[in-house]
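Under the numbering used here, think of the first position of the sequence shown as 1, with each following residue one higher.
Yeah, the Cβ is synthetic: ideal placement off N, Cα and C, and Gly gets one too.
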Amino acid sequence: MAPRRTTSAPTARRPATGRRPGNPPTRDAVLAAARDCFAAGGYDGTSVRTIAARAGVDAALVHHYFATKEKLFLEVVGAPADPEEVLADVVTGPREDMGANLVRALLRLWDGPSGPAALALLRSSVGGDRMVLLLREFLLARVLRRLVGALDHDGREAATRVALVASQMVGLVMTRYVLRIEPLASAGAQDLVAAVGPNVQRYLTGDVPLPREDVRE
């Protein structure tokens, strides 16, 4: 009688090791590279190719994850909302109402569901110089410069108007939501629009003297 043959069970294949295209570590690498590049070169001075090269991936992969440089920048900063959506009514509305509409849009953002994310973004800027640079770039390049650009200001005048509007908007946010100074902390939105809007309007479209550079010897 012939000996019975034994059949060994098939050996289970080991899962492939190493990074696969599309896994989270690759996406995280793009985000980390983008933070460094945007902080160093600003939004306008940073290209998708530069970010891809720093992350060690193809530029097409950056577009695959984030679609556009704008969307990548918003995710890097942790923006609570898309500036285009927030500013839509401000830019398309009457020129003489831009100041009031900008304050109204700001209050709607901070008093709405996106408020906690906006506050977290502001507080994160205290954690390091790189986050300060990113937040400043977001506020100036992606929000206020777009608004002032709709008014056909350019050069030093545009930069001055952007900075002055920023002083009002950041000051309002700090006073109302961070320091919670009364009566602004509990004031109604319409009252704040009426109080702050005219000053923002002046900075946007009014007669504003350009501050001189302080040259110190």
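Classification of residue i by the beta-carbon crowding that lies within 10 angstroms, buried from 16 upward
i: P46; result: Reading off the sequence shown, one finds Thr at residue 46, where the question assumed Pro. Burial call: buried.
i: E137; result: buried
i: G93; result: exposed
i: A34; result: buried
i: L144; result: buried
i: P83; result: buried
i: G206; result: exposed
i: L210; result: exposed
i: G112; result: exposed
i: R176; result: buried
i: A52; result: buried
i: G149; result: exposed
i: P80; result: buried
i: R142; result: buried
i: M174; result: exposed
i: G171; result: exposed
i: G155; result: exposed
i: A55; result: buried
Whole-number beta carbon distance between residue j and residue i, since they are thought to touch under 8 Å
i: V62; j: L72; result: 7 Å
i: R104; j: A195; result: Their Cβ separation, rounded to whole angstroms, is 12 Å, which puts R104 and A195 out of contact at 8 Å.
i: L121; j: V178; result: About 12 Å separates the two Cβ atoms, so there is no contact after all.
i: L102; j: V90; result: 5 Å
i: V165; j: L204; result: 6 Å
i: D39; j: V48; result: Checking the sequence, you will find Ala at residue 39 rather than Asp. Not confirmed; about 16 Å, so no contact.
i: V200; j: Q168; result: 5 Å
i: V57; j: A29; result: 7 Å
i: V162; j: L140; result: 6 Å
i: V193; j: A100; result: 5 Å
i: T50; j: C37; result: 5 Å
heavy atom of the ligand ATP below 7 Å from residue i C-beta
i: A185; result: Absence of the ligand ATP is noted for the structure shown, with no ligands found whatsoever.
Which runs of the alpha helix (DSSP H) spanning at least 4 residues fall entirely within the stretch 95–179, listed in chain order? Taking 4 residues as the shortest admissible run, the stretch 95–179 contains the following complete alpha helix (DSSP H) segments, listed from N- to C-terminal end: 98–111, 115–124, 129–137, 145–149, 155–173.
Give, in chain order, every unbroken run of the alpha helix (DSSP H) that is at least 4 residues long and sits entirely within the stretch 42–75. Every unbroken stretch of the alpha helix (DSSP H) spanning 4 or more residues and falling wholly within the stretch 42–75 is given here in chain order: 48–55, 59–66.
Could you name each continuous beta strand (DSSP E) segment of 3 residues or more that falls completely within the stretch 190–214, going from the start of the chain to the end? Entirely contained in the stretch 190–214, not one beta strand (DSSP E) run reaches 3 residues.
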